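Peer 1: Keeping their order, the protein sequence lines are chains Y and R. For the first sequence, counting from 1, position 83 maps to 83 in our numbering; every step adds exactly one. For the second sequence, counting from 1, position 323 maps to 323 in our numbering; every step adds exactly one. All C-beta atoms, glycine included, are put in the ideal place defined by N, C-alpha and C. Note that the structure is predicted; figures quoted are calculated from it, not measured. Submitted below is the structure of interest, expressed as structure tokens.
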Amino acid sequence: MSQPSQFARDRQATAPAGAAAAPTDQAAPAIAGEGRVLPEGVATAVSLAVVWLLVIAASAIDKSSFLSRETVLSVTFTMAVLGVLTVGQSLVTISGGVLDLSVPTALILPAWVIATMLSGGISGWLAVVVGLAVGTAWGFFNAAIIVFGKLNPIIVTLGTNFAGVAILGIYVQNAVVPNHAGLSTWGKEYWLGLPNVFWVMVIIVAVVGYLLPRTRIGRRAIAVGGNPQAAKMRGISLRKTRFGIFTAAGFLAGLAAVLFTASQSSFVSADGTDYLFLTIAATLVAGIGLSGGYGNLWVTFLSVGLLSTIPTTLAFFGVPALWQNVPAGVILVIAVAIDGFRRMRSAR
Amino acid sequence: MRAVVSARRTTATPGQSRRNAIAELVNSPIGSIAITLVVVVIIGLAAVGGTFLTSSNLTIVSTNIAVPLLLATCSAFALLAGVVDLSIGSNAGLTASIFADLVLHHWNPWSAALVVLAIGIVIGIVNAAVIVGLGAPPIAATLGTLSALAGLQYVVNGTNGSLTVLVTGLYKFANTTVGAIPLVVLLLIALVIVAVYVVTSTRLGRHIRAAGGDERAANRAGISVRRIRIGCLILSGIGGALAGILYIGQLGGSTNILGSDVVFLVYAGVMIGGYSIIRGGVGNPAGGAMGLLVIAGVTDIIAVKSINTYYTDVIVGALLLLAVYFDRIRGGDAYE
């Protein structure tokens, strides 16, 4: 039973572009290599979870106050914005867009719009909707240059971010989020003991991670990332997929901006810069490769958690804040080295 | 695409061939960057007036370009060989801080410089080990070292976040000018010329381009792609350390954020000048140097006209996109 269907699948996969679009999506997992990805994702997830737990356990044993509510809140607040941004970054990477370097602009631009609207007394709901729209528009703008210019996303987003950060630097000196605004109140409230903004991130990671390998558009994105030529041959529109992915990444950045403004009292234009490195690190540490086509979005929850815990851990160990950037860099190098080594060995 | 053009040229009559040669030069990466540079100078003369080419202004422009030019010339070999080193900026920042710290601890500047150069080599070896040895993607791996080195830089600079040190000989060397141009920049121009010669006219240069252009073909032709990439990454590390020492000569101290912006500037410059961080085998050190000159010219015009300096980055971003767009039109890799 399984034999003939496997052959049928292969025939469809190698069929010329004229082949009907219907079988395309049934064949997608075979090409995207779902069977190959899952165990790998699990291995990365387990090792990340172990490392994260070790970090937490070591800190807690050394200083029992580490498990206090303050620490948990500080880590979960950090995880919220980083997590949502990382989902966007991961979508770009999995779909073969390499990296979105415009994260700082994509975060601060909508955040600034939201903060300005709130200060102007405009209702929180409207500000949130406009913020999401601005984020989406930014993603759409990047996508338009990438698709119509046929240019590599990493260079395009480097260029647009250069310009975007500069323009924000001119207009955003110090954006203040009014304390009495409904959004700010909501952002400082909790559900089941954890911040509201954290739960939004959990839902996003869970839902997008669930839908990506299980929906038509998601499987198409993975197929385009794995092998664009093969995907094109099977009738998947590269342009539409890329437009979709970068616009989605923009929308997610807009959502991250909502969480960011909800949990900050004020911010400056440069506050987005750190998130660029962290989203890239979280994506790659989660085992989502730069070459595209593989990776499990759910694992980003663990990498985001680990990267968000480290600064707090360092503080508890009495390590000066100056050291903060070192471990994240080292973890990134180790993660990509392990991933590269595994891939090199399996290719042999 | 380019092969077609040159094939047609060989069968053309002499008159046509000259016209085609000119067309090809205008169309080539070097040609377009040279034209862009001329346009920037003309805009500079129009906007700023005669002072744009006065010696004091030239001194300012060329002093500012020294560190980026040094970094670009050394690290562009890695681009050519098909790898990317994003850690050059924090390498320069960290080595500058270490150099300052050692001299403040009464080290002889020469021995301090040797130690710093050794650190640059070690950084190159670490990058090479992870990228070439373990097969990690260069952008991801060097982004990691970038962050780690920048973190160490904070540690070296200590709680003040900066170190101030005057190395008299180095300061004099960095600030000597020959005519309007700093001696350092003249030496760097010589370095660029050597680099152009190596890339275009030697076996080594051909091998480097082959390694970046088509890794498998190069391997089949008996070129050790691994060894070439290791060498280029180490050269990039050395370039970072030299830039660190030059920073101290120029600025008389280090800060936490020294070198954090220069990496974007350098790669924007060399990409405007015809290199690619996506594919190896393309680019020319002269083009990279002109790309940086274009940015330096724009920066200068904006500074002299006292326009908000943020606009420099807006223009650099736009120039970068235009440059890669025209490179694509010209037959560079299309992203589709």
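Could you work out which residue in R/A141, R/M271, R/A318 is closest to R/T73 when comparing CA atoms only?
Peer 2: Walking along the second sequence from the start, residue 73 of chain R turns up at place 73. Out of R/A141, R/M271, R/A318, R/M271 has the C-alpha closest to the C-alpha of R/T73.
Peer 1: Helix, strand or coil: which one does DSSP assign to R/P182?
Peer 2: As a position in the second sequence, residue 182 of chain R is number 182, starting the count at 1. Looking at R/P182 - three-state DSSP - the assignment turns out to be strand.
Peer 1: Among residues of its own chain, excluding the 5 on either side of Y/W186, which ones have a beta-carbon nearer than 7 Å to its beta-carbon?
Peer 2: Counting from one through the first sequence, the residue named residue 186 of chain Y turns up at place 186. Cβ within range, chain order: N196, A262.
Peer 1: If we define contact as Cβ-Cβ less than 8 Å, is Y/M233 a contact residue for chain R?
Peer 2: Translated into positions along the first sequence, residue 233 of chain Y becomes position 233. So no, Y/M233 is outside the interface.
Peer 1: Using 10 angstroms around the beta-carbon of R/Y247, count the other beta-carbons present and answer buried if the total reaches 16, otherwise exposed.
Peer 2: As a first step, residue 247 of chain R is located in the second sequence; it is residue number 247 there, counting from the start. Counting Cβ neighbours within 10 Å, R/Y247 comes out buried, since at least 16 surround it.
Peer 1: Going along chain R in order, which residues have a C-beta closer than 8 Å to the C-beta of Y/L284?
Peer 2: Here residue 284 of chain Y refers to the residue found at position 284 when the first sequence is read from its first residue. Correct list: A140.
Peer 1: From this set, R/G240, R/L251, R/L321, R/A129, which residue's C-alpha is nearest R/V116's C-alpha?
Peer 2: In the second sequence, counting from the first residue as 1, residue 116 of chain R sits at position 116. Out of R/G240, R/L251, R/L321, R/A129, R/G240 has the C-alpha closest to the C-alpha of R/V116.
Peer 1: I'd like the span of the beta strand (DSSP E) that includes R/T255, first residue to last.
Peer 2: Translated into the one-based positions of the second sequence, residue 255 of chain R becomes position 255. That run of the beta strand (DSSP E) goes 253-255.
Peer 1: From Y/T157, Y/A181, Y/T93, pick the residue whose C-alpha is nearest to that of Y/S119; which is it?
Peer 2: Position 119 of the first sequence, counted from the start, is the residue given in the question as residue 119 of chain Y. Of the listed residues, the one whose Cα sits closest to Y/S119 is Y/A181.
Peer 1: Which of helix, strand or coil does DSSP assign to Y/A175?
Peer 2: As a working note, residue 175 of chain Y is residue 175 in the first sequence. The answer is strand: DSSP assigns Y/A175 an E or B state.
Peer 1: For the segment 299-313 of chain R against the segment 88-103 of chain R, are there 3 or more C-beta pairs whose distance is under 8 Å?
Peer 2: They do not touch, by the three-pair rule.
Peer 1: Once the 5 residues before and after R/L149 are set aside, which same chain residues still bring their CB inside 8 Å of it?
Peer 2: The residue you call residue 149 of chain R lines up with position 149 of the second sequence. Residues of the same chain with a CB within less than 8 Å of the CB of R/L149, apart from the 5 flanking positions on each side, are S87, S90, N91, G93, L94, I123 in chain order.
Peer 1: Name the two residues that bound the continuous alpha helix (DSSP H) containing Y/S184.
Peer 2: In the first sequence, the residue the question calls residue 184 of chain Y occupies position 184. First-last of the alpha helix (DSSP H) with Y/S184: 182-187.
Peer 1: For R/W110 and R/K172, I'd like the C-alpha separation in whole angstroms.
Peer 2: Numbered from 1 along the second sequence, position 110 holds the residue referred to as residue 110 of chain R. Numbered from 1 along the second sequence, position 172 holds the residue referred to as residue 172 of chain R. Distance between the alpha carbons of R/W110 and R/K172: 15 Å.
Peer 1: Tell me the rounded alpha-carbon separation between Y/G218 and R/N308.
Peer 2: Sequence index remark: in the first sequence, residue 218 of chain Y carries index 218 (1-based). Sequence index remark: in the second sequence, residue 308 of chain R carries index 308 (1-based). So the two alpha carbons sit approximately 43 Å from each other.
Peer 1: Measure the Cβ-Cβ separation of Y/A286 and Y/V299 and say whether it is below 8 Å.
Peer 2: Counted from its first residue, the first sequence places residue 286 of chain Y at position 286. Counted from its first residue, the first sequence places residue 299 of chain Y at position 299. It is a contact, given that the beta carbons lie within the stated cut-off.
Peer 1: Which word fits R/H106, buried or exposed, when buried means at least 16 other C-beta atoms lie within 10 angstroms of its C-beta?
Peer 2: Here residue 106 of chain R refers to the residue found at position 106 when the second sequence is read from its first residue. Exposed, because fewer than 16 other Cβ atoms sit within 10 Å of the Cβ of R/H106.
Peer 1: DSSP puts Y/Y210 in a beta bridge; with which residues?
Peer 2: Within the first sequence, the letter at position 210 stands for residue 210 of chain Y. DSSP output for Y/Y210 lists no bridge partner at all.
Peer 1: Are there 16 or more other CB atoms within 10 angstroms of the CB of Y/D100, so buried, or fewer, so exposed?
Peer 2: Start at 1 with the first residue of the first sequence, and residue 100 of chain Y comes out as number 100. By the neighbour-count rule (16 or more Cβ atoms within 10 Å), Y/D100 is buried.
Peer 1: Would you tell me roughly how many angstroms separate the C-alpha atoms of Y/A127 and Y/I114, rounded to the nearest one?
Peer 2: As a first step, residue 127 of chain Y must be located in the first sequence, where it is residue number 127. As a first step, residue 114 of chain Y must be located in the first sequence, where it is residue number 114. About 5 Å.
Peer 1: Based on the DSSP secondary-structure assignment, which residues constitute the bridge partners of Y/P195?
Peer 2: In the first sequence, the residue the question calls residue 195 of chain Y occupies position 195. In DSSP, Y/P195 forms a bridge with Y/Y190.
Peer 1: Relative to the alpha-carbon of Y/N325, which residue among R/G331, R/Y154, R/G169 has its alpha-carbon at the smallest distance?
Peer 2: Here the question's residue 325 of chain Y lines up with position 325 in the first sequence. Nearest C-alpha to Y/N325: R/Y154.
Peer 1: Out of R/L204, R/G50, R/G237, R/V48, state which residue places its alpha-carbon closest to the alpha-carbon of R/G222.
Peer 2: The count along the second sequence starts at 1 and reaches residue 222 of chain R at position 222. Comparing Cα positions, the closest option is R/L204.
Peer 1: Using a Cβ-Cβ cut-off of less than 9 Å, list which residues of the segment 283-316 of chain R approach chain Y; keep chain order.
Peer 2: N308, T309, Y310, Y311, T312, D313, V314, I315, V316
Peer 1: Please list, in chain order, the residues of the segment 214-229 of chain Y that have any C-beta partner in chain R closer than 7 Å.
Peer 2: Listed by position, the residues of the segment 214-229 of chain Y near chain R (Cβ gap below 7 Å) amount to none.
Peer 1: Where does R/L149 fall in DSSP's three states?
Peer 2: Indexing the second sequence from 1 puts residue 149 of chain R at position 149. Three-state result, R/L149: helix.
Peer 1: Beta-carbon within less than 6 Å of Y/A175's beta-carbon, same chain only, minus the 5 sequence neighbours each way: which residues are those?
Peer 2: Position 175 of the first sequence holds residue 175 of chain Y. Around Y/A175: W112, A115, F267.
Peer 1: According to the Cβ coordinates, are R/T63 and R/Q250 closer than 8 Å?
Peer 2: Numbered from 1 along the second sequence, position 63 holds the residue referred to as residue 63 of chain R. Numbered from 1 along the second sequence, position 250 holds the residue referred to as residue 250 of chain R. Yes, the pair counts as a contact, with Cβ atoms nearer than the cut-off.
Peer 1: Just list the residues that DSSP pairs R/T164 with in beta bridges.
Peer 2: In the second sequence, counting from the first residue as 1, residue 164 of chain R sits at position 164. R/G253, per the DSSP bridge assignment.
Peer 1: Whole alpha helix (DSSP H) runs in the segment 245-316 of chain R with 4 or more residues, listed along the chain?
Peer 2: 262-272, 285-304
Peer 1: Do Y/G244 and Y/A106 come within 8 Å of each other at the CB atom, strictly closer than that value?
Peer 2: What you label residue 106 of chain Y is simply residue 106 of the first sequence in a count that begins at 1. What you label residue 244 of chain Y is simply residue 244 of the first sequence in a count that begins at 1. No. Outside cutoff.
Peer 1: With a cut-off of 8 Å, does the C-beta of Y/W112 fall near any C-beta of chain R?
Peer 2: Counting from 1 along the first sequence, the entry for residue 112 of chain Y is found at position 112. With 8 Å as the cut-off, Y/W112 does not count as an interface residue toward chain R.
Peer 1: Under three-state DSSP, which class holds Y/T71?
Peer 2: Walking along the first sequence from the start, residue 71 of chain Y turns up at place 71. In this structure, Y/T71 counts as helix in the three-state DSSP scheme.
Peer 1: With 8 Å set as the bound, which would you pick, yes or no: does the beta-carbon of R/P29 sit closer than that to a beta-carbon of chain Y?
Peer 2: Indexing the second sequence from 1 puts residue 29 of chain R at position 29. Contact with chain Y is absent for R/P29, since none of that chain's Cβ atoms lies less than 8 Å from the residue's Cβ.
Peer 1: Below 8 Å on the Cβ atoms is my contact criterion, and I expect Y/L91 with Y/A221 to pass it. Report the Cβ-Cβ distance as a whole number of Å.
Peer 2: In the first sequence, residue 91 of chain Y corresponds to position 91, counting from 1. In the first sequence, residue 221 of chain Y corresponds to position 221, counting from 1. Between Y/A221 and Y/L91 the Cβ distance is about 7 Å, and since that is below 8 Å, they are a contact.
Peer 1: According to DSSP, simplified to helix, strand and coil, what is Y/I31?
Peer 2: Here the question's residue 31 of chain Y lines up with position 31 in the first sequence. Note that Y/I31 scores 43 on pLDDT, short of 50, meaning its location in the model is unreliable and no value can be drawn from it.
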